[in-house]
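Here's the structure, in structure tokens; my notes come after.
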Amino acid sequence: MGRQPCCDKLGVKKGPWTTEEDKKLINFILTNGQCCWRAVPKLAGLRRCGKSCRLRWTNYLRPDLKRGLLTEAEEQLVIDLHARLGNRWSKIASRLPGRTDNEIKNHWNTHIKKKLLKIGIDPVTHEPLNKQVSSQESSSAEENFPPKANNDEVLNSDENSSTSPAENSSSCEDSILMDSICSDESIINTLWFDETLLNDALWDIAPKADNINNNDVGLPNWEDNCAWLLECQDFGIHDFGINCFSEIELNALQQTIGVEEKRH
DNA sequence: AATTCAGTCAACCGCGGGGAC
DNA sequence: GGTCCCCGCGGTTGACTGAAT
1 MGRQPCCDKL GVKKGPWTTE EDKKLINFIL TNGQCCWRAV PKLAGLRRCG
51 KSCRLRWTNY LRPDLKRGLL TEAEEQLVID LHARLGNRWS KIASRLPGRT
101 DNEIKNHWNT HIKKKLLKIG IDPVTHEPLN KQVSSQESSS AEENFPPKAN
151 NDEVLNSDEN SSTSPAENSS SCEDSILMDS ICSDESIINT LWFDETLLND
201 ALWDIAPKAD NINNNDVGLP NWEDNCAWLL ECQDFGIHDF GINCFSEIEL
251 NALQQTIGVE EKRH
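Residue 84 in full-length UniProt numbering is what sits at position 84 of the first sequence, and the numbering runs on without skipping anything.
Here you go:
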């Protein structure tokens with residue numbers, strides 16, 4: 001019989017989201033918060049499936065998202081995490097605040113994969129494509145490869161099983177890569193151990209006084225993201241329906257607009 | 001200028017996990 | 001324990017864009 005469709009296919013719109021739909025979704029979530037996604041389209045007046053709404057929100061509209069290409073440090077972190085976790089993009093994404101699994105997956109497939117292949121590393125196994133590497137070299141590379149054993153303890157046993165790290169690098173470029181990864185160890189450890197980063201509550205819709213500037217780990221702040229929303233979308237805050245913003249949010253948005261105007 | 005090709009990324013699809021009953 | 005429902009995940013697709021011819 002097969003599974004029931006996630007929503008009534010009739011009358012459900014597909015394809016790229018329009019500005020109007022984005023506005024409706026943002027307005028709804030800022031007003032009501034995230035609730036049952038299945039109910040969101042109906043309540044928000046959207047002819048979309050709940051899944052599509054969730055995806056649009058989590059991958060594109062969320063105010064805590066960083067925009068733009070992954071930084072060098074983030075890229076190295078992704079490589080390291082992929083070596084440990086495999087294609088578990090959501091797990092990887094949870095270690096990179098402000099990045100989505102979709103974004104990381106896309107970046108992996110379009111950029112990192114090629115990069116690794118170029119320097120002779122199999123992007124699946126993280127082992128050198130040329131297996132003729134002396135054990136000496138591999139052991140020296142291993143010494144440098146983070147995280148250390150104690151980090152592995154954090155992982156579930158099944159997370160260890162998938163692949164081994166790119167441990168046998170031999171080329172100069174490989175060692176540069178390794179050095180780069182090692183230099184990011186502090187970042188990796190911070191992200192690895194700081195479970196608070198994984199807490200969804202970190203990004204509250206309404207900015208609280210003490211988290212507006214809480215950007216120590218690269219979390220985008222509320223203003224930055226509002227700036228993005230206002231810059232990159234063809235609509236302003238008034239289009240959202242002013243009522244959906246609290247006074248604090250409005251102040252933040254207005255400050256942002258002011259800053260942005262000064263910049264340009 | 002027109003066409004082709006490759007790269008990028010937003011969005012969709014199907015599946016599995018987990019909670020509720 | 002079985003079934004249903006919802007959510008989230010990972011793989012894949014296809015539209016769009018810019019470069020190359």
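Idealized CB from N, CA, C, for every residue including glycine. Keep in mind the model is a prediction, meaning the values are calculated, not measured.
Residue nearest to residue i in terms of C-alpha spacing, selected from the options
| i | options | result |
| --- | --- | --- |
| phenylalanine 81 | Pro123, Gly98 and Ile26 | The identity of residue 81 in the sequence shown is leucine, whereas the question assumes phenylalanine. Considering only alpha carbons, the answer is Pro123. |
| proline 41 | Gly33, Gly50 and Gln34 | Gly50 |
| cysteine 36 | Cys53, Ile26 and Arg47 | Cys53 |
| isoleucine 112 | Ser94, Glu74 and Gly45 | Glu74 |
| glycine 86 | Thr125, Gly98, Asn27 and Arg62 | Thr125 |
| residue 274 | Gly15, Glu127, Ile121 and Asp64 | Summary: the structure shown does not reach residue 274, with the chain confined to residues 1 through 264, and so no result is reported for it. |
Inter-residue CB distance, residue i and residue j (contact presumed, cutoff 8 Å)
| i | j | result |
| --- | --- | --- |
| threonine 19 | asparagine 59 | The pair is not a contact, with the Cβ atoms about 16 Å apart (cut-off 8 Å). |
| leucine 55 | lysine 24 | 15 Å between Cβ atoms; not a contact. |
| leucine 61 | histidine 107 | Between histidine 107 and leucine 61 the Cβ distance is about 19 Å, and since that is not below 8 Å, they are no contact. |
| asparagine 130 | glycine 120 | 6 Å |
Buried or exposed (CB count within 10 angstroms, at least 16 for buried), residue i
| i | result |
| --- | --- |
| lysine 66 | buried |
| glycine 98 | buried |
| glutamate 21 | buried |
| proline 16 | exposed |
| glycine 258 | For glycine 258, the predicted structure reports a pLDDT of 36, less than 50, and the residue's modelled location is therefore unreliable. A value from the coordinates is still provided. By the 10 Å Cβ count, glycine 258 comes out exposed. |
| leucine 117 | exposed |
| glutamate 127 | buried |
Same chain, Cβ closer than 8 Å to residue i, neighbours up to 5 away in sequence not counted
| i | result |
| --- | --- |
| isoleucine 92 | Val78, Leu81, His82, Leu85, Asp101 and Ile104 |
| glycine 11 | Arg47 |
Close Cβ partners of residue i (< 7 Å) along its chain, the five nearest in sequence each way excluded
| i | result |
| --- | --- |
| lysine 13 | Arg47 and Arg48 |
| alanine 44 | Lys24, Leu25 and Phe28 |
| tryptophan 57 | Leu25 and Ile29 |
| tryptophan 89 | Asp101, Ile104 and Lys105 |
| lysine 114 | none |
| serine 161 | With a pLDDT of 39 at serine 161, under the threshold of 50, the predicted position of this residue should be treated as unreliable, and no value is reported. |
Any non-hydrogen atom of the ligand SAM within 8 Å of residue i CB
| i | result |
| --- | --- |
| isoleucine 79 | Here there are no bound small molecules, and the ligand SAM is not part of this structure. |
Beta-carbon contacts of residue i that lie in its chain and below 6 Å, excluding the five residues immediately before and after
| i | result |
| --- | --- |
| arginine 38 | Gly50 |
| glycine 33 | none |
Exercise. Can you check the region 33-72 for any alpha helix (DSSP H) of at least 4 residues that lies completely inside it and give the ranges in chain order?
Key: Under the rule that a run must span 4 or more residues, the alpha helix (DSSP H) segments found entirely inside the region 33-72 read 40-44 and 50-56.
* In the region 85-120, which residue ranges form an unbroken alpha helix (DSSP H) of at least 4 residues, counting only runs that do not cross its ends? -> 89-94, 101-107 and 113-118
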